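This report concerns only the one structure given below.
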Amino acid sequence: AKSEGRSMVQFYTPMLEGRATRMLMQEQMLRAAVENGDFELHYQPQTFTANGQLAGFEALVRWRHPHRGLVPPGEFIGFAENRGLIAAVDRWVMRQACIQAKAWQREGLPAVPIAVNLSPQEFRERDVAREVAEVLHETGLEARYLHIELTETTLMQSSGQMPETLKALKALGVGLAIDDFGTGYSSLAYLRRHPIDTLKIDRSFVTDISHNPDARAIVNAIIQMGRSLNLNIVAEGVETAAQLALLRQLGCAMMQGYLVSLPLPAEQARAWMSQHCHL
Ligand code: C2E
Ligand code: CA
Ligand code: CA
Ligand code: CA
Numbered sequence: 013a014k015s016e017g018r019s020m021v022q023f024y025t026p027m028l029e030g031r032a033t034r035m036l037m038q039e040q041m042l043r044a045a046v047e048n049g050d051f052e053l054h055y056q057p058q059t060f061t062a063n064g065q066l067a068g069f070e071a072l073v074r075w076r077h078p079h080r081g082l083v084p085p086g087e088f089i090g091f092a093e094n095r096g097l098i099a100a101v102d103r104w105v106m107r108q109a110c111i112q113a114k115a116w117q118r119e120g121l122p123a124v125p126i127a128v129n130l131s132p133q134e135f136r137e138r139d140v141a142r143e144v145a146e147v148l149h150e151t152g153l154e155a156r157y158l159h160i161e162l163t164e165t166t167l168m169q170s171s172g173q174m175p176e177t178l179k180a181l182k183a184l185g186v187g188l189a190i191d192d193f194g195t196g197y198s199s200l201a202y203l204r205r206h207p208i209d210t211l212k213i214d215r216s217f218v219t220d221i222s223h224n225p226d227a228r229a230i231v232n233a234i235i236q237m238g239r240s241l242n243l244n245i246v247a248e249g250v251e252t253a254a255q256l257a258l259l260r261q262l263g264c265a266m267m268q269g270y271l272v273s274l275p276l277p278a279e280q281a282r283a284w285m286s287q288h289c290h291l
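Every position in the sequence shown, counted from 1, becomes a number in our numbering once 12 is added.
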């Protein structure tokens, strides 16, 4: 299968033109990438707002494209979804993140959870709980060190199996986080129905908190609600010290964003840990 995947890449010639042809070529290249594991994970630290200590990482995928270099997810995740390839990408990501987390722990680096993003497709088509159980078993990572991020849209779109799937994941011991919280069309009722641990406040609200009273009110409401429901709250996309100061004041316990660090390749994330965590 490996050699087949590689041979597809050779179909590429600049002479081929037309949108349909280009799309087909992109699809073939993405399929080949999935077969060969031509992706890379970058890890973005999540920290406690109170003391800056490391709370975990989010693993974010990049595609090692044969011609375009390292392609960010925004440029191929949607395409992968359309072509039915995203579930395969997500499974590669989950496995790789677990392998990395376990390797860092073996080295004596701080044991912190790693979060991965799962698409609605993965929940619709696959037995997610079984796959997660398999990956944890194969990699030897303890379930509590794996967090799964899903969006409100995923919760709404996915099959009637969703409550059972989430219960099964919870029973395994993995953490469940709602990503981009506040941007989806959904009723808050699901917070009672599903065993959610964490809300990640969408970057769009965080970006505006220092100058927009409405954004601040929304962030405040999310934090208060999260606290009374006993949920962890992570603010996404924190870029300025002013945003951090406000988040702290509003009682948001965790943050993620360029203020602390960009997503880093594994080797740099490791260096970040050994520096930051005073090992
Ligand atoms: P997301 O899950 O909301 O991830 C956060 C995105 O915000 C990341 O972009 C990250 O680099 C960026 N970010 C973090 N801090 C800041 C900040 O302070 N300012 C700004 N402007 N941006 C910040 P990235 O890595 O390009 O990923 C984009 C999206 O692609 C992710 O959004 C997620 O929805 C999707 N994605 C990434 N990896 C995967 C994956 O393995 N599977 C799936 N299904 N989706 C993925
Ligand atoms: Ca995410
Ligand atoms: Ca997000
Ligand atoms: Ca997002």
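All C-beta atoms in this analysis are idealised placements derived from N, C-alpha and C, irrespective of residue type, glycine included. Just so we're clear, the structure is a prediction, and the values are computed from it rather than from any experiment.
Could you check the C-alpha separation between residue i and residue j for me, to the nearest Å?
i	j	result
Tyr55	Leu72	6 Å
Val231	Glu176	30 Å
Ser19	Arg74	Note that Ser19 has pLDDT 48, beneath the 50 cutoff, so the model's placement of it is unreliable and no number is given.
Val83	Phe51	9 Å
Glu150	Glu70	21 Å
Phe135	Asn129	11 Å
Asn48	Ala100	12 Å
Met237	Arg204	12 Å
Met174	Leu167	7 Å
Glu31	Arg95	The question names Glu, yet the displayed sequence has Arg at residue 31. Using only the alpha carbons, I get a separation of about 15 Å.
Val218	Pro122	28 Å
Leu258	Pro78	43 Å
Trp284	Tyr197	37 Å
Asn38	Ala92	The sequence given here has Gln at residue 38, not Asn. In a straight line, the C-alpha of Gln38 is about 10 Å away from that of Ala92.
Ala253	His288	18 Å
Gln58	Tyr202	25 Å
His206	Ala233	20 Å
Lys114	Thr195	33 Å
Glu251	Leu274	10 Å
Ile98	Glu119	31 Å
Ile89	Glu143	20 Å
Val124	Met41	34 Å
Arg43	Asp209	34 Å
Leu162	Asp226	25 Å
Asp220	Ser240	24 Å
Glu87	Gln261	36 Å
Ala278	Leu53	7 Å
Arg103	Phe60	29 Å
Ala183	Ser131	21 Å
Trp116	Met267	22 Å
From the DSSP output, in three-state form, read off residue i for me.
i	result
Asp192	strand
Pro225	helix
Val144	helix
Glu154	coil
Tyr202	helix
Asp220	helix
Pro125	coil
Arg80	coil
Pro277	strand
Gly120	coil
Arg239	helix
Ala247	strand
Gln173	coil
Phe69	strand
His159	strand
Gly96	coil
Gly185	coil
Over the uninterrupted alpha helix (DSSP H) stretch that includes residue i, give me the two end residues.
i	result
Thr210	Careful: Thr210 lies outside any alpha helix (DSSP H), inside the beta strand (DSSP E) at 210-213.
Gln58	Element bounds for Gln58: not the alpha helix (DSSP H) but the beta strand (DSSP E), 51-60.
Ala132	It should be pointed out that residue 132 corresponds to Pro in this sequence rather than to Ala. Run containing Pro132: 132-137, per the alpha helix (DSSP H) assignment.
Val272	Counting along the chain, Val272 falls outside any alpha helix (DSSP H), and DSSP gives it neither H nor E.
Asn63	Where Asn63 is concerned, there is no enclosing alpha helix (DSSP H), given that its DSSP letter is neither H nor E.
Val46	31-48
Given 7 Å as the limit, tell me if residue i has its C-beta closer than that to any heavy atom belonging to ligand 5.
i	result
Arg80	Ligands present in the displayed structure are limited to ligand 1, ligand 2, ligand 3 and ligand 4, and ligand 5 is not among them.
What first and last residue would you give for the beta strand (DSSP E) that runs through residue i?
i	result
Ala254	Note, Ala254: premise wrong, no beta strand (DSSP E); alpha helix (DSSP H) at 253-262.
Gln268	266-268
- Nearest-residue set for ligand 2, Cβ under 5 Å from any heavy atom: Asn129, Glu161, Asp191
- Task: Could you say if the stretch 155-162 and the stretch 181-199 meet the contact criterion of at least three C-beta pairs nearer than 8 Å?
- Result: yes
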